[in-house]
């Protein structure tokens, strides 16, 4: 592995995705979560939410993608997450997830990231930390394939998330 | 609201779901997460994972369903989650999520849950806590509709998750 692929505290990546109304149904298909705050527009409008909100797992999924696609990159999985959800997310919201390296273990392929997700209006909807383990063999294999997608430290581009 | 619907420390609910291979693709559609550990069987087999694993968000989605469907019930959303992922989850694993009430705020509709997810073999794959807020109006409306699904404290049934 070259120095270019080594994580350093301060490394940052961002990823942007627009939340779709159909994401709610996809998440229900994955989980069985049929909470009326995701489906009953009238009831949701009268609740504190003020309208339909999406499942938290749809929102934080953007952080799954960010660590797996961008920073640290392919082969990364969460060992631990600690996330607050200070504001609701609605269909149509344009979310930008950010991960910033806080700490890198010298002995193992483990790092700690400061993680946030904001709306286009700047509202923080997820805030916290994640501890990530990156499989060395997967890292090596994907770098050899040229699919390594680490972004430069400065400037930090905003990448559109995949929306198949 | 009657006493019957009030949360008490020690209340427990469980929900079981079998992880499907197609859940990986659904989660990718939601997030853009194309990590090869979810798709490249050969590479995953040679990695520390020892084979294809599913995204953590697929696994924890069962806890989204559990709080929204069972305990506390409809209208519930996460304010905070703190989860460790001590072991990987594979397609075909039969997961059982459990939530146990640890603390109930007297002043607000907020409770703290001890949350775990185990495989049928007893391996803990998620462990931690969640702070949940339940919208009072949604609670009242769904209880009036008779869709309230609180389970009795003893014995605790295992409910099959929805798999549409």
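Residue numbers (my numbering), protein chains in the order written: chain D, 860 to 1023; chain C, 860 to 1023.
We put the beta carbon where it would ideally sit given N, CA and C, even for glycine.
Computed from a prediction, not measured in an experiment: that's the story for all the values here.
Worksheet item: How would you call residue 928(D), buried or exposed, if buried means at least 16 neighbouring beta carbons within 10 angstroms?
Response: Buried, since its Cβ has 16 or more Cβ neighbours within 10 Å.
Worksheet item: Roughly how many angstroms separate the alpha carbons of residue 1002(D) and residue 988(C), rounded to a whole number?
Response: Rounded to whole angstroms, the gap between the alpha carbons of residue 1002(D) and residue 988(C) is 36 Å.
Worksheet entry | Contact residues within the region 910-941 of chain C, judged by C-beta distance below 8 Å to chain D | Residues passing the 8 Å Cβ filter: 912, 914, 915, 916, 917, 919, 920, 921, 923, 924, 927, 928, 933, 934, 935, 936, 937, 938, 939, 940 and 941.
Fill in: Selection of the region 885-904 of chain C by Cβ proximity to chain D, strictly under 9 Å
Within the region 885-904 of chain C, the residues whose Cβ lies closer than 9 Å to some Cβ of chain D are 885, 886, 887, 888, 889, 890, 891, 892, 893, 894, 895, 896, 897, 899, 902 and 903, listed in chain order.
Discussion item. Cβ closer than 8 Å: which chain C residues qualify as neighbours of residue 876(D)?
Written reply: Those within 8 Å of residue 876(D) in chain C are 890 and 891.
Worksheet item: Does DSSP put residue 1010(C) in a helix, in a strand, or in coil?
Response: Its pLDDT being 45, under 50, residue 1010(C) is placed unreliably by the model, and nothing is read from it.
Worksheet entry | CB contact below 8 Å: residue 962(C) versus chain D | No, residue 962(C) lies away from the interface with chain D (no Cβ there is under 8 Å from its Cβ).
Worksheet item: Roughly how many angstroms lie between the CA atoms of residue 881(C) and residue 917(C), to the nearest whole one?
Response: Whole-angstrom Cα-Cα distance: 11 Å.
Worksheet item: Based on Cα-Cα distance, which residue from 992(D), 1000(D), 937(D) and 873(D) lies nearest to residue 965(D)?
Response: Nearest of 992(D), 1000(D), 937(D) and 873(D) to residue 965(D), Cα basis: 992(D).
Practice prompt. Assuming residue 915(D) and residue 894(C) form a contact by the criterion Cβ under 8 Å, report the distance between their Cβ atoms to the nearest whole angstrom.
Written response: In fact, because the Cβ distance is near 20 Å, the residues do not count as touching under 8 Å.
Fill in: chain D contact for residue 997(C) (CB, 8 Å cutoff)
At least one chain D Cβ lies under 8 Å of residue 997(C).
Discussion item. Restricting to runs no shorter than 3 residues, where is the beta strand (DSSP E) found entirely within the region 882-934 of chain D?
Written reply: You should have found no qualifying run.
Worksheet item: If you measure from the beta carbon of residue 952(C) to each beta carbon in chain D, is any gap under 8 Å?
Response: No, residue 952(C) lies away from the interface with chain D (no Cβ there is under 8 Å from its Cβ).
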